[in-house]
Amino acid sequence: MIEIFRSVSAARIASALGYTPANSSTVVKVARHVVFTIAGGASQTYTPSANLIYAVVTAIGAGGGGGGCAGTVALSLGAGGGGSGGVSRTILTATQIGASQAVTIGAGGTAGADTGGTGGTGGSTTFGALLTGAGGNGGTGATGTGAQRVTVSTD
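Position 48 of the sequence shown, counted from 1, bears residue number 47 in numbering that gives the first Met the number 0, the numbering being contiguous throughout.
In structure tokens, the structure reads:
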């Protein structure tokens, strides 16, 4: 997921609405919230508006896939869950963002094979080359052989 909070000056908004503020020295910021939630692995382009001053950008990477399990019916096994995606946040000026930035949302990690395979790493979410939320690691798989043991004590 990519979140972008954009700020524009109150004077620009007032001008667009045909309003003249009584106190022109007052500085007020108005934020607009943009969220990209496109399918994992897909890209879109973010094009800032002409009145952009700065943006607070958050990138959240995709989670890793859980590990697979392999074993006999007599065994109880559990594999590791996939790690969460990393979160990155920064403040970027309009100059830093430029004319546009490619937004890529990372795909979730694949599940580990039922033979005890490790889950796949989640994809990174990027805002051009300016910000990356790394994908989470895949969970460790589990395998087991042999018989389950039960000990019974008698008097």
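We treat Cβ as the ideally placed atom computed from N, Cα and C, and that holds for glycine.
Note that the structure is a prediction, hence the values are computed from the model and not measured.
Note down the Cα distance separating residue i from residue j, rounded to an integer number of angstroms.
i: T25; j: V34; result: Its pLDDT being 48, under 50, T25 is placed unreliably in this model, and the value from its coordinates should be taken loosely. Rounded to the nearest angstrom, the two C-alpha atoms are 29 Å apart.
i: N136; j: Q100; result: 26 Å
i: S123; j: V55; result: 19 Å
i: A141; j: G115; result: 5 Å
i: Q95; j: G77; result: 47 Å
i: L130; j: G80; result: 26 Å
i: P47; j: A98; result: 7 Å
On the DSSP letters alone, give me the boundaries of the beta strand (DSSP E) that residue i sits inside.
i: A54; result: 53-59
i: A101; result: 100-103
i: T124; result: 124-126
Residues in the same chain with beta-carbon distance under 8 Å from residue i, minus the five sequence neighbours each way, listed in chain order, please.
i: D113; result: G67, C68, A69
i: V86; result: T57, A58, I59, G60, G132
Considering only the beta carbon of each residue, do residue i and residue j sit closer than 8 Å?
i: G143; j: G118; result: no
i: L91; j: Y53; result: yes
i: G65; j: G121; result: no
Looking only at its chain, what residues have a beta carbon closer than 6 Å to the beta carbon of residue i, apart from the 5 residues adjacent to it on each side?
i: G82; result: G63, G135, N136
Compute the beta-carbon to beta-carbon distance between residue i and residue j, rounded to the nearest angstrom, for a pair I have assumed lies under 8 Å.
i: G40; j: A106; result: 4 Å
i: T103; j: S42; result: 5 Å
Considering only heavy atoms of the ligand NAD, does any lie closer than 7 Å to the CB of residue i?
i: Q100; result: In the structure on display, the ligand NAD does not appear, and there are no ligands present to speak of.
Could you give the residue range of the alpha helix (DSSP H) that holds residue i?
i: I96; result: 93-96
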